[in-house]
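Q: This structure is in C-alpha cells; I'll ask about it shortly.
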Amino acid sequence: MNARVRGIYATAITRLLLEADHGVVDASAPIRRRFDAEFPNAPPDVRVSTSADRQGVGAHGDPDAVETLRDRLTGVGLDALAWTDPTPPGAVLDGEVTETLGGGAVVRLRVGSDRGDGEHKSGPTAEGYLPYGRVDDRVEAGDPVRVQVRESAPPWGDRRPELDGSLRVGGDLVALEPGSGTRVDVRNDEAARELAGMLDLLGLKPPDGWRAVWKRPAVDAGTEELKASLRRAVDAAENLDAAVDAAGGAGVLDGSDRLGDGPIATPNDGFWAWFGRESRFALDDARREATATMPGHHRVKAGSADASTGVDLAEALCAPDPDSAFPFGVVTDAFGPATGDALRIEHGKPDGRLITLGEGTVTTVGADGSVSVEREMTGGGTYDGLDVPREAGDVAETSLKEGRWWYPTTYRGRDGTVRGTYVNVCTPVEVFPDAARYVDLHVDVVKLPDGTVERVDDDVLRESVAAGDTPEPLAEKARSVASALESAL
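Okay, so the sequence shown: first residue is 1 according to UniProt numbering, each after it adds one.
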C-alpha cells in the first residue's frame with residue numbers, strides 16, 4: 001500500500017506505515033528530513049489528510065488500502081474510532097434538494113446500502129451542499145439531482161460534503177473535467193505553453209466531452225509520469241462516463257423516477273478516524289521515534305491553530321524532555337480556557353455524531369487538569385436518569401478532569417439544594433480552549449437526591465456494540481469504569 005499523508009498527524013502516521021512495510025509517496029519536505037527512507041513521487045493508493053478541526057483524519061482511495069489503513073489507525077489506542085464515509089470524494093450519487101440557501105442547496109443523498117458494510121449508521125441517506133455555481137440549471141426544493149462529491153466532511157463536524165453537478169476525475173498531475181481544449185493551472189507561462197501541447201506529444205487524448213487540466217506538480221514530472229497519470233485519468237473518465245450514462249446522465253434530473261437506489265459510481269472508499277486523548281499520546285510516541293516531540297504534542301495541536309503553531313515553536317527552540325508530564329497548566333495559561341471563559345461541552349457519540357450539551361462559564365482551572373463549569377438551566381422536563389423536574393434557575397455544576405474516563409454533573413436548585421448527580425462514562429476527557437471533548441460510552445451512573453446510586457443504559461451500550469459502533473474492548477472499559485463509580489458513590 002502507498003499512502004500520501006498530510007496534516008498534523010503526518011509524521012506519526014508515516015512512522016506507523018513504514019514500520020508495517022507500507023510505502024509513503026509524495027512526502028512533504030519535513031517528512032523527507034525526518035526519515036531515512038525512500039519517498040517516491042508515485043500515485044497513492046490512499047490519501048490521508050487531517051480534518052479541518054484537527055480532531056482526526058480522513059482517508060480515501062482504493063478499498064483494500066483504505067481497510068488496511070483503518071485497521072492500523074484504530075489499533076493506535078482504545079479511544080481511536082473510525083466510521084465509513086458514505087460520501088467519499090469522487091462518488092456520484094442521486095439526491096433530492098431539500099432546502100435552498102443563499103449560496104447553494106442542501107441535498108439529501110441516496111448513499112444506499114451497497115458499500116460493503118451494510119447501511120450507513122444514520123440510514124441510507126446523507127446530506128450534502130451543492131453551490132449554485134456548480135450546477136447549470138436552477139434548483140428548487142424537491143428537484144432530483146445527480147451529483148459528484150467534490151469534498152467530503154467528517155461525521156462529527158457541522159459542515160456538509162460539497163457537491164458538484166458536473167463530473168471530474170484525475171490525480172495530482174492531471175485532472176479531466178467537462179469541456180474542450182486544454183487548461184493549465186500553472187503560473188509559469190513557458191511551462192504552461194509546454195504542458196498545453198503535451199497531449200499531442202503523449203499521443204493520448206481525453207474521451208469526447210472531457211478536457212485535460214494540467215496541475216502545478218506536472219511541471220516537474222517526467223514524460224513517463226505524465227503519460228501514466230493521463231492514462232489513469234482517461235480510464236477513470238471512461239468508467240465514470242459508462243456508469244453515469246447507464247443511469248441517465250448527471251446534473252438536474254427531469255423526474256424522481258430516474259433516481260437510483262444507491263450510488264451511481266464509487267471510485268473511492270473512505271473513512272474518518274477520530275483520535276481520543278490516549279490515541280493522541282500513542283501517536284506522540286510514534287512521532288518521537290522520528291523527531292523531537294513534546295509530551296502532548298498532538299493533544300495541544302488538536303486544540304487550536306494558535307496552539308499548533310506554539311507547539312512548533314517550542315519544539316524548534318529546545319529539545320523537549322519525553323519523560324516530563326503533559327504541561328496542562330502551561331497550555332491553558334497560554335491558550336485557555338481561563339476562569340470566566342465560555343466553554344462548550346462537546347458530547348461525541350460512538351456512531352460518529354457530535355452533540356453540544358450547552359455552553360457554560362468556567363469557574364475554576366487547576367494545573368492538575370481540573371476544570372469546573374457552571375450552566376444555568378431552563379425550566380421544563382426532567383433530568384435524564386434522575387427523573388427529577390428541571391426548574392428554571394437550576395444550576396448544573398460540571399467537574400471535568402483532563403484524561404479521566406468519567407465526569408460528574410451535579411444539579412442544584414436556586415436554594416442550593418442538590419437535585420441529583422449524573423456521572424457520565426466516556427473516553428478520556430480533553431479540555432481544549434473552547435470546548436471539553438470526549439465520546440460518550442452510553443453506560444452512566446446516577447446519584448438520586450435521597451442518596452440512591454443507580455447504573456443506567458447498559459442496554460444502550462449493548463445495542464451500540466451489536467450495531468458495530470462501540471468496539472467490545474472499549475465497551476468493557478466503560479463497564480469497568482461504571483462498576484468502580486458504583487462502588488465509590
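A virtual CB, placed ideally from N, CA and C, is assigned to each residue, including glycine.
Tell me which residue opens and which closes the beta strand (DSSP E) that F271 is part of.
A: Stepping through the sequence shown from its first residue, residue 271 is reached at position 271. 269 to 275 is the span of the beta strand (DSSP E), which, as asked, contains F271.
Q: Could you pull out every residue in the same chain whose Cβ sits closer than 6 Å to the Cβ of V443, ignoring the five residues on either side in sequence?
A: Position 443 of the sequence shown holds residue 443. So the list reads V425, D457, D458, L461, A478, A482, once near-sequence residues are dropped.
Q: Looking at the unbroken beta strand (DSSP E) that takes in V371, where does it start and where does it end?
A: Here residue 371 refers to the residue found at position 371 of the sequence shown. Its beta strand (DSSP E) spans residues 370 to 376.
Q: Classify N188: buried if its beta carbon has 16 or more other beta carbons within 10 angstroms, exposed otherwise.
A: Looking up residue 188 in the sequence shown gives position 188. Exposed is the call here.
Q: When DSSP builds the beta bridges, which residues end up paired with A337?
A: The residue labelled residue 337 in the question sits at position 337 within the sequence shown. Sequence check: residue 337 is Pro here, not Ala. In the DSSP output, where bridge partners are listed per residue, P337 has none listed.
Q: Let me make sure I understand the geometry here. Which of R134, D333, P161, R211 has the alpha-carbon closest to that of G170?
A: In the sequence shown, residue 170 corresponds to position 170, counting from 1. Ranking the options by Cα distance to G170, first place goes to R211.
Q: Inspect the CB distances between the segment 23 to 38 and the segment 236 to 245 and report whether three or more fall short of 8 Å.
A: Because the criterion of three Cβ pairs below 8 Å is not met, the segment 23 to 38 and the segment 236 to 245 do not touch.
Q: So, with DSSP's three-state summary, where would you put D285?
A: In the sequence shown, the residue the question calls residue 285 occupies position 285. In this structure, D285 counts as helix in the three-state DSSP scheme.
Q: Report yes if the CB atom of V331 is closer than 7 Å to the CB atom of V311, and no otherwise.
A: Numbered from its first residue, the sequence shown carries residue 331 at position 331. Numbered from its first residue, the sequence shown carries residue 311 at position 311. No, Cβ-Cβ distance for V331 and V311 is not below 7 Å.
Q: What residue range does the alpha helix (DSSP H) around S480 cover?
A: Counting from 1 along the sequence shown, the entry for residue 480 is found at position 480. Run containing S480: 472 to 488, per the alpha helix (DSSP H) assignment.
Q: So, under 8 Å CB-CB, P155 and R353 are touching, yes? Tell me the CB distance rounded to an integer number of Å.
A: Taking the sequence shown and counting its residues from 1, the one referred to as residue 155 is at position 155. Taking the sequence shown and counting its residues from 1, the one referred to as residue 353 is at position 353. Correct: roughly 6 Å between the Cβ atoms.
Q: Below 8 Å on the Cβ atoms is my contact criterion, and I expect R277 with G403 to pass it. Report the Cβ-Cβ distance as a whole number of Å.
A: One-based indexing of the sequence shown puts residue 277 at position 277. One-based indexing of the sequence shown puts residue 403 at position 403. Their Cβ separation, rounded to whole angstroms, is 6 Å, which keeps R277 and G403 in contact under 8 Å.
Q: Which of the three DSSP states is assigned to P355 in this structure?
A: On the sequence shown, residue 355 is found 355 positions in, with the first residue counted as 1. One point to set straight first is that residue 355 is Ile, not Pro, in the sequence displayed. Here I355 sits in strand by DSSP.
Q: Can at least three beta-carbon pairs, one atom from the segment 411 to 430 and one from the segment 317 to 334, be found at a separation below 8 Å?
A: Contact between the segment 411 to 430 and the segment 317 to 334 is absent, because fewer than three Cβ pairs lie under 8 Å.
Q: With H, G and I counted as helix, E and B as strand and the rest as coil, what does DSSP make of G310?
A: Locating residue 310 in the sequence shown gives position 310, where the first residue counts as 1. G310 falls in the helix class under three-state DSSP.
Q: Taking V92 and A105 to be in contact with their CB atoms under 8 Å, please state how far apart those CB atoms are, rounded to whole angstroms.
A: Position 92 of the sequence shown, counted from the first residue, corresponds to residue 92. Position 105 of the sequence shown, counted from the first residue, corresponds to residue 105. V92 to A105, Cβ: 17 Å. No contact.
Q: DSSP three-state label for D440, please.
A: The residue labelled residue 440 in the question sits at position 440 within the sequence shown. D440 falls in the strand class under three-state DSSP.
Q: Starting from residue 521, follow the beta strand (DSSP E) in both directions and report where the run begins and ends.
A: What is shown of the chain runs 1 to 489, which leaves residue 521 out entirely.
Q: May I ask you to list the residues that DSSP assigns as paired with P178?
A: Residue numbering aside, residue 178 sits at position 178 when the sequence shown is read from its first letter. Answer is W210.
Q: If you follow the beta strand (DSSP E) that V92 is part of, which residue opens it and which one closes it?
A: One-based indexing of the sequence shown puts residue 92 at position 92. That run of the beta strand (DSSP E) goes 92 to 100.
Q: Please classify L317 as buried or exposed, where buried requires at least 16 other C-beta atoms within 10 Å of its C-beta.
A: By one-based count along the sequence shown, residue 317 stands at place 317. By the neighbour-count rule (16 or more Cβ atoms within 10 Å), L317 is not buried but exposed.
Q: A307: buried (16+ other C-beta within 10 angstroms of its C-beta) or exposed?
A: Residue numbering aside, residue 307 sits at position 307 when the sequence shown is read from its first letter. Buried: at least 16 other Cβ atoms inside 10 Å.
Q: Quick one: complete beta strand (DSSP E) runs, 3+ long, within the segment 3 to 81?
A: Within the segment 3 to 81, the complete beta strand (DSSP E) runs of at least 3 residues are 46 to 50, 56 to 61.
Q: With a cut-off of 8 Å, do at least 3 Cβ pairs link the segment 128 to 138 to the segment 63 to 73?
A: Contact between the segment 128 to 138 and the segment 63 to 73 is absent, because fewer than three Cβ pairs lie under 8 Å.
Q: Take T361 and list the residues in its own chain whose beta-carbon comes closer than 6 Å to its own, dropping the five residues that flank it on each side.
A: Position 361 of the sequence shown, counting from 1, holds the residue named residue 361. Around T361: E374.
Q: Please confirm whether P44 and A3 have their CB atoms less than 7 Å apart.
A: In the sequence shown, residue 44 corresponds to position 44, counting from 1. In the sequence shown, residue 3 corresponds to position 3, counting from 1. Their beta carbons are under 7 Å apart, which means P44 touches A3 by this criterion.
Q: Would you check if the distance between the CB atom of R414 and the CB atom of T11 is smaller than 7 Å?
A: The sequence position of residue 414 within the sequence shown is 414, counting from 1. The sequence position of residue 11 within the sequence shown is 11, counting from 1. No, these two residues do not count as a Cβ contact at 7 Å.
Q: On the criterion of 16 or more Cβ atoms from any shown chain inside 10 Å, does T74 qualify as buried, or is it exposed?
A: Mapped onto the sequence shown, residue 74 falls at position 74. It is buried - the Cβ of T74 has at least 16 other Cβ atoms within 10 Å.
Q: Cutting at 8 Å between CB atoms, please list the residues of its own chain near L18, excluding the five before and the five after it.
A: As a position in the sequence shown, residue 18 is number 18, starting the count at 1. V24, F35, A37, listed in sequence order.
Q: Roughly how many angstroms lie between the CA atoms of L283 and G142, to the nearest whole one?
A: Within the sequence shown, residue 283 is the residue found at index 283, counting from 1. Within the sequence shown, residue 142 is the residue found at index 142, counting from 1. In a straight line, the C-alpha of L283 is about 46 Å away from that of G142.
Q: My assumption, with CB atoms under 8 Å, is that A233 sits in contact with V174. Please give the rounded CB distance.
A: Here the question's residue 233 lines up with position 233 in the sequence shown. Here the question's residue 174 lines up with position 174 in the sequence shown. Confirmed, Cβ separation roughly 6 Å.
Q: Given the structure, does V149 come close to the ligand ADP, in the sense that its CB is under 6 Å from one of the ligand's heavy atoms?
A: No copy of the ligand ADP appears in this structure; indeed no ligand is present at all.
Q: May I ask you to report which of helix, strand or coil DSSP gives E140?
A: Translated into the one-based positions of the sequence shown, residue 140 becomes position 140. DSSP places E140 in coil when its eight states are reduced to three.
Q: Name the one or two DSSP bridge partners that T291 has.
A: Translated into positions along the sequence shown, residue 291 becomes position 291. Note: T291 sits in no beta bridge, so no partner.
Q: Between M377 and the rest of its own chain, which residues show a CB-CB distance below 8 Å, the 5 nearest in sequence each way excluded?
A: One-based indexing of the sequence shown puts residue 377 at position 377. The answer, listed in chain order, is R390, E391, A392, G393, D394, V395, A396, Y411.
Q: Would V184 and V219 be called neighbours here (beta carbons separated by less than 7 Å)?
A: To locate residue 184, count along the sequence shown from 1; it is residue 184. To locate residue 219, count along the sequence shown from 1; it is residue 219. Contact: no.
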